[in-house]
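Contents: one structure, followed by commentary.
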């Protein structure tokens with residue numbers, strides 16, 4: 007193993023010793039005392055079987071494995087629309103190997119692309135907790151010996167895992183649906199957005215461009231949070247190998263889903279190859295998730311999601327771990343917004359099998375983890391192929407395009423391109439893999455806002471036509487649910503194109519598709535004071551204060567004397583969000599912990 011990766015792994019193992027032991031004790035106790043079908047009462051079993059007459063006899067016999075399907079299907083979210091027919095197909099494939107399957111429950115799956123810049127986005131992060139809770143409810147019936155988790159996009163995969171891990175004695179497989187075919191190139195779409203921001207393109211032209219990019223069922227083709235999720239499931243060994251980026255509606259996609267059902271039946275609680283989720287997701291698998299994120303230039307949202315998933319399995323990973331890994335992990339991929347190719351181009355160049363093979367060879371990924379496919383990660387370094395109707399795997403060979411994928415011996419960058427910033431403003435994250443090196447340091451007067459829409463209005467009025475650090479505060483989990491501020495990308499990009507030095511500093515999130523503008527995000531502590539009355543220094547920055555964002559030295563400071571800063575009065579927070587159902591999530595906002603722990607009210611309430 008690479009010494010730096012091993013050192014971080016050892017650090018996590020030591021830090022997590024007590025919490026991981028408690029988790030392993032939990033899943034062992036659950037396995038021993040699990041209600042299960044043999045222990046359920048007759049009336050309980052009758053209720054469970056009443057809706058599935060075609061499988062009732064097999065279920066009643068009690069010897070066939072029963073698979074619970076937790077689905078996030080809806081046809082408003084393109085990536086999840088593909089799941090429409092999956093349950094009925096999976097039931098057929100389960101019968102092929104003497105098993106049965108039932109839809110255990112559905113979970114919500116909102117589309118951040120629809121809600122970006124609008125009030126609904128303030129429900130986005132907390133939808134992750136809601137999905138986790140819904141997953142727990144789905145699995146609470148005690149009638150399943152394993153589960154198939156159907157999810158792809160931003161909060162859905164983390165939420166499914168967070169809920170499922172509390173049932174970690176059960177074997178589970180993540181079942182993806184794949185990316186939509188390529189449409190309008192992402193760079194062309196972004197160019198129209200920037201032209202629209204300055205009034206050079208009309209609404210119809212913009213809508214035509216957006217529909218040209220987002221045109222079909224499947225995941226959006228840029229490398230944002232949804233596709234980073236799929237990368238992560240591969241390096242953690244929770245998919246069938248190579249399943250991440252195969253397009254929907256193809257024979258290969260169907261073959262992989264069928265294989266996932268067959269494999270799940272083979273690793274059940276009573277099988278000789280028992281592979282419980284809670285043992286698959288261990289400290290090494292979590293480090294693999296972080297390494298994969300850094301090696302591929304993935305979404306900054308996973309600096310929230312990986313710690314939250316880890317906590318659900320009794321593992322503690324912090325931003326310092328990411329920072330240390332980033333210094334040691336080479337950047338092997340350039341996929342939009344960190345390059346011009348989309349995920350289909352990435353897949354064609356070799357995709358995840360190529361990346362995993364390179365990182366295994368260079369010692370950056372842990373090979374010796376339990377996966378759903380086998381006893382180590384090496385199976386995930388092979389690409390799925392069809393020979394007639396037979397599914398098989400083979401080595402991907404060399405990179406098919408070295409502008410998209412490079413070997414670990416000749417990477418795009420020797421490091422992973424994520425930094426932790428620390429200073430008198432607090433602690434923050436920054437992704438610089440898509441930022442030009444001469445923009446890694448921005449020192450400029452601040453312009454402070456409490457709402458992203460006010461930033462856009464100031465931009466339109468010409469008030470930001472200068473070197474500027476845009477500070478958007480009261481965007482943290484306790485203030486308004488920590489929405490993504492992706493709507494700011496076009497105007498800030500325009501300012502940068504005009505030759506100004508521009509940076510964003512916020513206690514909110516930026517999209518997984520954030521790119522060329524340096525953004526110090528997830529600032530902690532957030533501006534809104536916590537229950538002890540302690541608020542972050544981001545709330546003390548005033549218009550005109552010089553702020554320095556330095557991704558070279560890893561610092562984030564407002565250049566104001568400490569005594570002056572401490573003497574300032576805190577600003578009045580905006581009113582608590584209401585409308586669009588936001589008032590219903592007051593409990594989540596009030597209980598959410600800090601970003602570095604995953605910004606989860608549910609995990610905080612469970613004292614995990």
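Residue numbers (my numbering): 7 to 614.
The beta-carbon is built from N, C-alpha and C at its ideal position, and this holds for glycine as well.
Assigned exposure category for residue i - 16 Cβ within 10 Å defines buried
| i | result |
| --- | --- |
| residue 531 | buried |
| residue 429 | buried |
| residue 448 | buried |
| residue 217 | exposed |
| residue 317 | buried |
| residue 539 | exposed |
| residue 584 | exposed |
| residue 600 | buried |
| residue 48 | exposed |
| residue 423 | buried |
| residue 404 | exposed |
| residue 22 | buried |
| residue 210 | exposed |
| residue 26 | buried |
| residue 570 | exposed |
Closest by C-alpha distance to residue i, when choosing among the options
| i | options | result |
| --- | --- | --- |
| residue 280 | 377, 371 and 544 | 377 |
| residue 58 | 541, 338, 108 and 100 | 108 |
| residue 119 | 219, 381 and 502 | 219 |
| residue 7 | 330, 368 and 610 | 368 |
| residue 450 | 458, 438, 466 and 472 | 472 |
| residue 486 | 588, 34 and 416 | 588 |
| residue 506 | 54, 60, 342 and 523 | 523 |
| residue 50 | 434, 126, 148 and 75 | 148 |
| residue 138 | 126, 105 and 76 | 76 |
| residue 490 | 30, 200 and 231 | 231 |
| residue 315 | 61, 341 and 29 | 29 |
| residue 114 | 99, 122, 130 and 474 | 130 |
| residue 184 | 256, 141, 272 and 175 | 256 |
| residue 31 | 271, 284 and 214 | 284 |
| residue 193 | 176, 341, 103 and 271 | 341 |
| residue 385 | 508, 240, 324 and 432 | 240 |
| residue 517 | 488, 64 and 508 | 488 |
Beta carbon of residue i nearer than 7 Å to that of residue j
| i | j | result |
| --- | --- | --- |
| residue 359 | residue 88 | no |
| residue 178 | residue 212 | no |
| residue 615 | residue 188 | This structure cannot settle anything about residue 615, because the visible part of the chain is limited to 7 through 614. |
| residue 366 | residue 335 | no |
| residue 157 | residue 163 | yes |
| residue 180 | residue 83 | no |
| residue 480 | residue 533 | yes |
| residue 295 | residue 242 | yes |
| residue 319 | residue 425 | no |
| residue 106 | residue 70 | yes |
| residue 465 | residue 357 | no |
| residue 321 | residue 362 | no |
| residue 85 | residue 227 | no |
| residue 663 | residue 338 | No answer is possible for residue 663: it lies beyond the span of the chain, which begins at 7 and ends at 614. |
| residue 14 | residue 374 | no |
| residue 607 | residue 597 | yes |
| residue 510 | residue 476 | yes |
| residue 332 | residue 421 | yes |
| residue 389 | residue 248 | yes |
| residue 482 | residue 513 | yes |
| residue 310 | residue 610 | no |
| residue 175 | residue 273 | no |
| residue 474 | residue 453 | yes |
| residue 436 | residue 352 | no |
Distance cut-off 6 Å: residue i Cβ against heavy atoms of the ligand NAP
| i | result |
| --- | --- |
| residue 176 | In terms of ligand content, the structure shown is empty, and the ligand NAP therefore cannot be addressed. |
task: Inspect the CB distances between the stretch 385 to 405 and the stretch 521 to 530 and report whether three or more fall short of 8 Å.
output: Between the stretch 385 to 405 and the stretch 521 to 530 there are fewer than three C-beta pairs closer than 8 Å, too few to call the two in contact.
Contiguous beta strand (DSSP E) assignments of at least 3 residues, all confined to the stretch 33 to 86: As summarised for the stretch 33 to 86, the continuous beta strand (DSSP E) elements at least 3 residues long and confined to that stretch are 72 to 77, given in chain order.
field: Uninterrupted beta strand (DSSP E) stretches inside the stretch 365 to 399 (no shorter than 3 residues)
entry: As far as the stretch 365 to 399 is concerned, its whole beta strand (DSSP E) runs of at least 3 residues are 389 to 393.
query: Three or more C-beta pairs closer than 8 Å, one from the stretch 95 to 107 and one from the stretch 256 to 271: is that the case here?
result: Contact holds: three or more Cβ-Cβ distances are below 8 Å.
query: Would you call the stretch 494 to 503 and the stretch 561 to 568 in contact, with 3 or more CB pairs under 8 Å?
result: The answer is no - the stretch 561 to 568 does not touch the stretch 494 to 503, with fewer than three Cβ pairs under 8 Å.
Given 8 Å, three or more beta-carbon pairs between the stretch 305 to 317 and the stretch 408 to 418: The stretch 305 to 317, when compared against the stretch 408 to 418, does not touch it at the 8 Å Cβ threshold.
message: Taking contact to mean 3 or more Cβ pairs, one atom from each stretch, closer than 8 Å, check whether the stretch 569 to 577 and the stretch 542 to 555 are in contact.
response: Yes, since at least three Cβ pairs between the stretch 569 to 577 and the stretch 542 to 555 fall closer than 8 Å, the two stretches touch.
field: Complete alpha helix (DSSP H) runs within the stretch 497 to 582 (minimum length 4 residues, chain order)
entry: Correct list: 568 to 573.
- request: Only counting runs of 4 or more residues, tell me where the alpha helix (DSSP H) segments fall wholly within the stretch 90 to 142, in order along the chain.
  value: The qualifying runs are 92 to 102 and 118 to 121.
task: Please go through the stretch 176 to 233 and give each complete beta strand (DSSP E) segment of 3 or more residues, from N-terminal end onward.
output: Fully enclosed beta strand (DSSP E) runs of no fewer than 3 residues occupy 178 to 181 of the stretch 176 to 233, in order along the chain.
task: Could you pull out every unbroken alpha helix (DSSP H) segment of at least 4 residues lying fully inside the stretch 417 to 466, listed in chain order?
output: Along the length of the stretch 417 to 466, whole alpha helix (DSSP H) runs at least 4 residues long occupy 458 to 466, reported in chain order.
Runs of alpha helix (DSSP H) lying entirely within the stretch 282 to 314, each at least 4 residues, in chain order: Taken in chain order, the unbroken stretches of alpha helix (DSSP H) that lie wholly in the stretch 282 to 314 and span 4 residues or more are 283 to 286 and 289 to 302.
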